[in-house]
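Residue numbers (UniProt numbering): 1 to 322.
Shown next as structure tokens:
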């Protein structure tokens, strides 16, 4: 079955009145996590979360001319074509739309199933997927958190991964090598994003903060990023873009944009935040890059991770900081 078929299958979801236990747990866990995105509110983040005033914060503005081309392997997305475990839970937590991915059962592990994970690039290990969420604006020329070559795209999607050597994401965020986030960008287009079609069709079922629903059919992560050139990316060391702003993230940003139609982005903008206002402009202000380096893979290097190790390429010797 191909990626488009999986995307169509995702249209079948449980009505909002039939939430499963995982969805109710998601509703409880998001309540009480309160912060705002207005400029005054963002300035107050550091009062309660000291890391938010740190020196390696995200997001940042990325420029090709200021990035260091590096002979490094592509990021291997292992298991991205596999179906995610059930039940996936879609949540409006008042700050974003998140797709929460459950852990595998012991029986599934015994059958040889595994969670999708990434490795390669300058990632310091193997990182297992935890979830997906989005950032968008109330206007088409803003919404993404990172700015790429002076362009702020309409929306940005984050696929969050935990370093496998840590038991939980909470544990991982205590360490500099704890997590990896893959960032993808959406550009306004007359064409729909096929990977988002089913998600957008059912956003009206989670209109208010802390609404959640189980998806009755799973999908593959690859369906969300179909046709993206994953050979080209930027990578740098940074932080979570929301409180507690943990400086534990290796960022991998893919500049090749995905189309999103006006009708689709309008569905996101109809959601409500924790203050019963419109859930829009949920992006953090740009942070100083400081003494950090941004590395760039331009796609001409076709080395796999194994080939790179055999050839003893020196990409890992480059430090993240000047």
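Glycine residues also receive a C-beta, built at the ideal position from the N, C-alpha and C atoms.
Everything numeric in this text was worked out from a predicted model, so none of it was measured.
Just measuring C-alpha positions, the residue of 228, 127 and 80 sitting nearest residue 180 is 127. For residue 106, the uninterrupted alpha helix (DSSP H) run begins and ends at 106-110, by DSSP. If only uninterrupted beta strand (DSSP E) runs of at least 3 residues are considered, those enclosed by the stretch 131-172 are 155-163. When 289, 321 and 320 are compared, the shortest CA-CA separation from residue 60 is found for 289. The three-state reading of DSSP puts residue 284 in coil, since its state is none of H, G, I, E or B. For residue 41, the enclosing alpha helix (DSSP H) covers residues 39-48. For residue 123, the CB contacts under 6 Å within the same chain, skipping 5 residues up- and downstream, are 180 and 250 in chain order. For residue 262, the closest alpha carbon among the candidates 197, 217 and 213 is that of 197. Of all C-beta pairs linking the stretch 209-229 to the stretch 41-48, fewer than three are shorter than 8 Å, placing the two stretches out of contact. Assigned with DSSP and collapsed to three states, residue 267 falls in helix. Excluding the 5 residues flanking it on each side, residue 241 has same chain C-beta neighbours closer than 6 Å at 58, 59, 145 and 284, in chain order. Taking 3 residues as the minimum length, the beta strand (DSSP E) runs contained wholly in the stretch 223-271 are 232-238 and 249-260, in order along the chain.
As computed with DSSP, residue 120 is found in a beta bridge with 75.
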